[in-house]
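Asker: There's a structure below that I have some questions on.
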Amino acid sequence: MKVGIIGAGYWGINLVRNFYQLKVLKAVADVDTNVLSKVKDTFPGVEVTTDPDVIFDDPEINGVVIATPARLHFELSYKALRKGKDVMVEKPLALSVKEGEQLVAFAEKNNRIIMVGHLMLYHDGIRRLKDMIKAGELGDIYYFYSQRVNLGKIRSDEDALWSFGPHDVSIALYLFDEVPQKVSAVGAAYLQPGIRDVIFMTLYFAGNLMGHIHLSWLDPHKIRKLTIVGSKKMVVFDDMERFEKLKIYDKGVEVRPPTTYEEGSMAIRVGDIHIPKIDLREPLRNECMAFIKAMETRDPPVTAGEHGLQVLRVLAAGTESLNHEGAPVTI
Ligand SMILES: NC(=O)c1ccc[n+]([C@@H]2O[C@H](COP(=O)([O-])OP(=O)(O)OC[C@H]3O[C@@H](n4cnc5c(N)ncnc54)[C@H](O)[C@@H]3O)[C@@H](O)[C@H]2O)c1
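276 is the number of the first residue of the sequence shown in this note's numbering; add one for each residue after it.
Written out as structure tokens, the structure reads:
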């Protein structure tokens, strides 16, 4: 297996490091020659070029990894697929559902892997959370809320919904195994006309499950936190914690018929807080290994194109709601 990477900027350089360490990196393309000098100096033996076509046309390269600005994801992914390569593209898969559908359909028809860099699904803490939910440890899931806020990195190809939102939306789809039926979002642009810096989005799933996502690159705090409230237990996933990423609260409210006239029908239970020991590996390393495995086995990874497409559908519905002052939009 050999991999070529297009785009080695702020995030792409981490992909370069991981694929280099996994001993499958052949070449890196970036239009910025300063970036290429850094790659050449740090990762000896890796070919560098300013022309992505060199990667597309290299018969030894099976997989193309794309970490350019989001506006180029569709064009470069499509070109790589047409050249017969498997593709791992950074999130979001594309900047419209139509483009995403085109990529997924083309990959499927031509038996190519298309995988989206929804990093959080390769996080061992999120994987543990998924196992807990699947095993029914939390009981019925009532609701969740997440915050992904900090100061910078301010983008202009996409707003905070399309830049940060893919993480939280992909986590929700993965954990609860369903797509929300409708979303409602409000947000505002302060720094650049038309590019929203802050978003508050509510997701409504089947049954009574509800979620809220707060996203911003214009915030004094750096927060990466997800709280899930279930009928049996409550969980907080805090990615800013170095080791104690997951805290499981044995807390809840039991609703039962009162046995006496004085007794209330709600009993509050406050039990222990459990912090599981998680064998944490770098999520990006897990992600890169998943791409290599998918290329070898031809089995779709957890963040295959179809998952990326579902994420786009939620984001597109969020944008429509934003454009209509928060009116709920059905997916
Ligand atoms: N998974 C994550 O947690 C995560 C985190 C940050 C960024 N990202 C994603 O990574 C992607 C890149 O973001 P970034 O912050 O690294 O941006 P960046 O601007 O720092 O890097 C992009 C790189 O692409 C290069 N480039 C631009 N056009 C090119 C072209 N036509 N051919 C070759 N190279 C080209 C640029 O020179 C630059 O080096 C975005 O899609 C972003 O959403 C993902």
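We put the beta carbon where it would ideally sit given N, CA and C, even for glycine.
By how many angstroms is the C-alpha of residue 606 removed from the C-alpha of residue 534?
Answerer: Here the question's residue 534 lines up with position 259 in the sequence shown. Here the question's residue 606 lines up with position 331 in the sequence shown. If I take the Cα positions, the gap works out to 45 Å.
Asker: With hydrogens ignored, establish whether the beta-carbon of residue 438 is closer than 7 Å to any heavy atom of ligand 1.
Answerer: For the purposes of this step, residue 438 is identified with residue 163 of the sequence shown, where counting begins at 1. Residue 438 Cβ: within cutoff of ligand 1.
Asker: If you compare alpha carbons, which of 502, 303 and 483 is closest to residue 324?
Answerer: Within the sequence shown, residue 324 is the residue found at index 49, counting from 1. For the residues 502, 303 and 483, the minimum Cα distance to residue 324 belongs to 303.
Asker: Determine the extent of the alpha helix (DSSP H) in which residue 572 is found, giving its start and end residues.
Answerer: Here residue 572 refers to the residue found at position 297 when the sequence shown is read from its first residue. Looking at the DSSP string, the run of the alpha helix (DSSP H) that includes residue 572 is 558 to 572.
Asker: To the nearest angstrom, how far is it from the Cα of residue 348 to the Cα of residue 391?
Answerer: Against the sequence shown, residue 348 aligns to sequence position 73. Against the sequence shown, residue 391 aligns to sequence position 116. If I take the Cα positions, the gap works out to 10 Å.
Asker: Do residue 356 and residue 378 have their CB atoms nearer than 8 Å?
Answerer: Your numbering for residue 356 matches position 81 in the sequence shown. Your numbering for residue 378 matches position 103 in the sequence shown. For residue 356 and residue 378, yes; Cβs fall inside 8 Å.
Asker: Do residue 545 and residue 491 have their C-beta atoms within less than 8 Å of each other?
Answerer: Here residue 545 refers to the residue found at position 270 of the sequence shown. Here residue 491 refers to the residue found at position 216 of the sequence shown. Not closer than 8 Å, so no.
Asker: The beta strand (DSSP E) with residue 390 in it runs from where to where?
Answerer: As a first step, residue 390 must be located in the sequence shown, where it is residue number 115. Counting along the chain, the beta strand (DSSP E) containing residue 390 begins and ends at 389 to 392.
Asker: Please list, in chain order, all residues of the same chain as residue 560 whose beta carbon is under 7 Å from its beta carbon, the five residues on each side excluded.
Answerer: Position 285 of the sequence shown holds residue 560. Closer than 7 Å at the Cβ level, and outside the excluded window around residue 560, lie 293.
Asker: What's the C-alpha gap between residue 459 and residue 480?
Answerer: Taking the sequence shown and counting its residues from 1, one reaches residue 459 at position 184. Taking the sequence shown and counting its residues from 1, one reaches residue 480 at position 205. In a straight line, the C-alpha of residue 459 is about 12 Å away from that of residue 480.
Asker: So residue 397 is in the alpha helix (DSSP H); what residue range does that whole segment cover?
Answerer: For this step, residue 397 is matched to residue 122 along the sequence shown. It is not in any alpha helix (DSSP H) - residue 397 carries neither H nor E in the DSSP assignment.
Asker: Could I get the ranges of all uninterrupted beta strand (DSSP E) runs contained in the stretch 289 to 314, with 3 residues as the minimum, in chain order?
Answerer: List check, beta strand (DSSP E) in window: 300 to 304.
Asker: Among residues of its own chain, excluding the 5 on either side of residue 438, which ones have a beta-carbon nearer than 6 Å to its beta-carbon?
Answerer: Residue numbering aside, residue 438 sits at position 163 when the sequence shown is read from its first letter. Result list for residue 438: 430, in chain order.
Asker: Taking 8 Å as the cut-off, decide whether the C-beta atoms of residue 320 and residue 278 are in contact.
Answerer: By 1-based counting over the sequence shown, the position of residue 320 is 45. By 1-based counting over the sequence shown, the position of residue 278 is 3. Not a contact, by the Cβ cut-off of 8 Å.
Asker: Do residue 507 and residue 404 come within 8 Å of each other at the CB atom, strictly closer than that value?
Answerer: For this step, residue 404 is matched to residue 129 along the sequence shown. For this step, residue 507 is matched to residue 232 along the sequence shown. The answer is no: Cβ separation not under 8 Å.
Asker: Compute the minimum distance between the beta carbon of residue 394 and the heavy atoms of ligand 1, and state whether it is under 7 Å.
Answerer: In the sequence shown, residue 394 corresponds to position 119, counting from 1. Checking every heavy atom of ligand 1 against the Cβ of residue 394, one is found closer than 7 Å.
Asker: Pairing CB atoms from the stretch 587 to 599 with CB atoms from the stretch 455 to 469, are three or more of them under 8 Å?
Answerer: Judged by Cβ distances under 8 Å, the stretch 587 to 599 makes contact with the stretch 455 to 469, as three or more pairs qualify.
Asker: So the alpha helix (DSSP H) residue 495 belongs to, where does it begin and stop?
Answerer: Start at 1 with the first residue of the sequence shown, and residue 495 comes out as number 220. No alpha helix (DSSP H) holds residue 495; the beta strand (DSSP E) holding it covers 493 to 505.
Asker: Kindly indicate the opening and closing residues of the beta strand (DSSP E) around residue 512.
Answerer: The residue given as residue 512 occupies position 237 in the sequence shown. Residues 509 to 513.
Asker: Going residue by residue through the stretch 397 to 454, where are the continuous alpha helix (DSSP H) segments of at least 4 residues, counting only ones entirely within it?
Answerer: 399 to 409 and 435 to 451, all fully within the stretch 397 to 454.
Asker: Counting pairs of Cβ atoms below 8 Å between the stretch 543 to 557 and the stretch 514 to 533, do you hit three or more?
Answerer: Counting Cβ pairs under 8 Å, three or more are found: they touch.
Asker: Any heavy atom of ligand 1 closer than 7 Å to the beta-carbon of residue 492?
Answerer: Taking the sequence shown and counting its residues from 1, the one referred to as residue 492 is at position 217. No, ligand 1 has no heavy atom inside 7 Å of this Cβ.
Asker: Taking the C-alpha atoms as reference points, what is the distance between residue 282 and residue 477?
Answerer: Position 7 of the sequence shown, counted from the start, is the residue given in the question as residue 282. Position 202 of the sequence shown, counted from the start, is the residue given in the question as residue 477. Each residue's Cα considered, the two are about 33 Å apart.
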